[in-house]
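Residue numbers (the working numbering): 533 to 984.
Everything below concerns the one structure shown next.
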Ligand code: GLY
């Protein structure tokens, strides 16, 4: 069987890797992928091949020509641009929602209103199209809020605020400075909740739902809480798409999984199938919070796997991913048996840190970051560690170089969380991003507290 994964980030590389492990699959294409994939064992032996086709119709023709049996679309942007619709029109099996259904992620207010209507718990919120009205609201309520861009923002669109001036500044940045472009024309202002975040996933086939009986913990803030120097430099601790992850989450119990399915997943999926009448086939990502009083709340729902959550959940899942993918297509999710191995997994993301720019300094991800730094040390990584590439490129002289803010994932597994952490950190320390403008210093940065 042949699979094509559409995407270029760490999650997409990980999806391609898992399909490559399937007993049914002898070829995985990744489009547009990234050059890092070719530096991995599966890339070197041609099991995973990078293809670069930007036009969706051409991609569909490629799938027909090569006899691709299944396409898995990893990220939200191609879904919103209608990739699934184009593939479906040409009779190609693909996992992911149609363009219309991406609204769940690309229109926060729509989903929040739906959740409120069906009685699924979520924090208090209000929606604004005008910055003046939004500012009046935060001054009036006085309590701490999270200001969210209503549209897609690569997982970075939520600004967590400590006080009213903070919230006013967030409204200014999203609605007036347009840091997330048109996604910030509308904002959702949500009561700030305390507790522990949970990333929970479910597969849907248009008829059944298969909630994954496992969940992960993402680390969204850019810096460790004790990294006061960086927090001061950035004027706060901004949210990122995720800086690392671990699984199983320390709160995983059959009791909590059952509660999540009963209180959140089932009512929402029921609304998707029966209230909206949607034939949704793909993944739903539930970003949840468990507060100190044991109340669950929905922070967000997305139409794709989480990144970096998928990189740890996929390692723990022993069920053949191709079988799940085909079950989504054939509406047979009820026949899938979930098998989870006994390991703990920790993903630490190597990011672009502070580097020398042509004038002055780059602050590093999630601020302005440098590119083209040679990546060294990959050949010293121990066997059994998974490296998933994200923001990388290939340079004719330097080989693999950095290209994005989140550059690569180091994922380690072990029988205990402590050992998995130790292994991930021991290996990430072997990697260096060479800052050629700064005496070849290492400009790689990573959070130290993943899994703590
Ligand atoms: N890790 C957060 C996200 O994928 O949106």
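Glycine is no exception: its CB is placed at the ideal position from the N, C-alpha and C atoms.
These figures come from a predicted structure and were not determined experimentally.
Cα-Cα separation, residue i to residue j
{"i": "residue 489", "j": "residue 618", "result": "There is simply no residue 489 to check, as the chain begins at 533 and stops at 984 in what is shown."}
{"i": "residue 897", "j": "residue 754", "result": "8 Å"}
{"i": "residue 603", "j": "residue 882", "result": "28 Å"}
{"i": "residue 643", "j": "residue 891", "result": "44 Å"}
{"i": "residue 813", "j": "residue 870", "result": "18 Å"}
{"i": "residue 578", "j": "residue 570", "result": "8 Å"}
{"i": "residue 539", "j": "residue 972", "result": "31 Å"}
{"i": "residue 684", "j": "residue 960", "result": "31 Å"}
{"i": "residue 842", "j": "residue 750", "result": "10 Å"}
{"i": "residue 886", "j": "residue 895", "result": "5 Å"}
{"i": "residue 979", "j": "residue 940", "result": "13 Å"}
{"i": "residue 625", "j": "residue 834", "result": "21 Å"}
{"i": "residue 746", "j": "residue 826", "result": "18 Å"}
{"i": "residue 875", "j": "residue 851", "result": "14 Å"}
{"i": "residue 831", "j": "residue 730", "result": "10 Å"}
Unbroken beta strand (DSSP E) run spanning residue i, endpoints
{"i": "residue 731", "result": "728-737"}
{"i": "residue 564", "result": "559-564"}
{"i": "residue 776", "result": "776-779"}
{"i": "residue 658", "result": "657-660"}
{"i": "residue 604", "result": "602-605"}
{"i": "residue 722", "result": "719-723"}
Cross-strand partners of residue i (DSSP beta bridge)
{"i": "residue 934", "result": "924"}
{"i": "residue 695", "result": "According to DSSP, residue 695 bridges with nothing at all."}
{"i": "residue 972", "result": "Looking at the DSSP assignment, residue 972 forms no beta bridge with any residue, so it has no partner."}
{"i": "residue 748", "result": "731"}
{"i": "residue 834", "result": "817"}
{"i": "residue 828", "result": "822"}
{"i": "residue 876", "result": "946"}
Coarse secondary structure for residue i, derived from DSSP in three states
{"i": "residue 883", "result": "strand"}
{"i": "residue 546", "result": "helix"}
{"i": "residue 590", "result": "helix"}
{"i": "residue 911", "result": "helix"}
{"i": "residue 901", "result": "coil"}
{"i": "residue 860", "result": "helix"}
{"i": "residue 681", "result": "strand"}
{"i": "residue 849", "result": "strand"}
{"i": "residue 946", "result": "strand"}
{"i": "residue 894", "result": "strand"}
{"i": "residue 888", "result": "strand"}
{"i": "residue 807", "result": "helix"}
Candidates the options: closest to residue i by CA position
{"i": "residue 772", "options": "692, 721, 701 and 588", "result": "692"}
{"i": "residue 936", "options": "557, 869 and 567", "result": "567"}
{"i": "residue 853", "options": "608, 545, 541 and 554", "result": "554"}
{"i": "residue 914", "options": "874, 955 and 900", "result": "955"}
{"i": "residue 594", "options": "537, 640, 607 and 546", "result": "537"}
{"i": "residue 774", "options": "737, 800 and 844", "result": "844"}
{"i": "residue 599", "options": "564, 719 and 534", "result": "534"}
{"i": "residue 671", "options": "707, 632, 787 and 721", "result": "721"}
{"i": "residue 839", "options": "581, 607 and 585", "result": "607"}
{"i": "residue 737", "options": "543, 763, 704 and 630", "result": "630"}
{"i": "residue 585", "options": "542, 856 and 564", "result": "564"}
Run of the alpha helix (DSSP H) containing residue i, from where it starts to where it stops
{"i": "residue 519", "result": "Outside the shown range of the chain, which is 533 to 984, sits residue 519, and nothing can be said about it."}
{"i": "residue 633", "result": "Residue 633 -> no alpha helix (DSSP H), and no H or E assigned at all."}
{"i": "residue 642", "result": "640-650"}
{"i": "residue 512", "result": "Residue coverage of the chain in this structure runs from 533 to 984, which leaves residue 512 outside it and unanswerable."}
{"i": "residue 866", "result": "It is not in any alpha helix (DSSP H) - residue 866 carries neither H nor E in the DSSP assignment."}
{"i": "residue 617", "result": "615-621"}
{"i": "residue 770", "result": "Looking at the DSSP string, residue 770 is not in any alpha helix (DSSP H), and its letter there is neither H nor E."}
{"i": "residue 539", "result": "Premise fails: residue 539 lies in the beta strand (DSSP E), 534-539, not in any alpha helix (DSSP H)."}
{"i": "residue 786", "result": "786-792"}
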